[in-house]
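Asks: My structure is below; once you've seen it, I'll send some questions.
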Amino acid sequence: HSDAQIRSSIMAAIAWIGQSFHEPLLPHVSSIVQVLRDPDAEVRCKAAGVLALLATGSGWLELAEHRDCFLLSLRDPSHDVRCKSMAVIRFLAAKDKGLVTPSFEIIASIL
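Heads up: take any position in the sequence shown, counting from 1, add 7, and you land on my numbering.
The following block contains the structure:
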C-alpha cells in the first residue's frame, strides 16, 4: 500500500467511528483539520467528510475555531472537498450566523 492509501484508510476508519460516536473525535478536530492539507485528494476528501459529519452534531463549536481552514478548502482542486467544506460552513452558519457573516466576501470571491 502507498502512504496515501494508508492515510485514506485511517480517515475512513475515523469516519466510521464518527458515524456513531462524535464525542471521542472532538479532542482530535485540530488534527483532522490538518489533514485538509494532505497532498492526496482522496485523503482530503475523507477528512472533509469527517468534519462535515462532526458539524452536524455537538462538534460545531470545535469546528468554528477552524473556520478559516474551511474557507481555504473552498479553493481545493477537488470538487468533493469543496462541497464538504461548504457543508461545514453551512452547518456553522445555521448554528451561529456571526461565525460566517464576516466571511461572506471571501466566500463570494471564491464562488
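C-beta atoms are modelled at their ideal positions from N, C-alpha and C, and glycine is treated no differently.
What you are looking at is a predicted structure, and each value in this text was computed from that prediction instead of being measured.
1. Going straight from the alpha carbon of A20 to that of L61, what length do you get?
2. How would you call S15, buried or exposed, if buried means at least 16 neighbouring beta carbons within 10 angstroms?
3. What residues in its chain sit with their C-beta under 6 Å from that of D87, if we drop five residues either side in the sequence?
4. Skipping 5 residues on each side, what residues in its chain have a beta carbon closer than 6 Å to that of L33?
5. From the DSSP output, in three-state form, read off F28 for me.
6. From L106 to I114, what distance separates their C-alpha atoms?
7. Identify every run of the alpha helix (DSSP H) within the region 59-87, keeping only runs that are complete inside it and at least 4 residues long; order them along the chain.
8. Please tell me whether S92 and A55 are closer than 7 Å, where the distance is taken between their beta carbons.
9. What is the C-beta distance between H29 and G64, in whole angstroms, given that I count them as a contact (C-beta under 8 Å)?
10. With burial defined as no fewer than 16 other Cβ atoms inside 10 Å of the residue's Cβ, what is the status of A22: buried or exposed?
Replies: Short version:
1. 14 Å
2. buried
3. C52
4. G66, E69
5. coil
6. 13 Å
7. 67-71, 74-80
8. yes
9. 4 Å
10. buried
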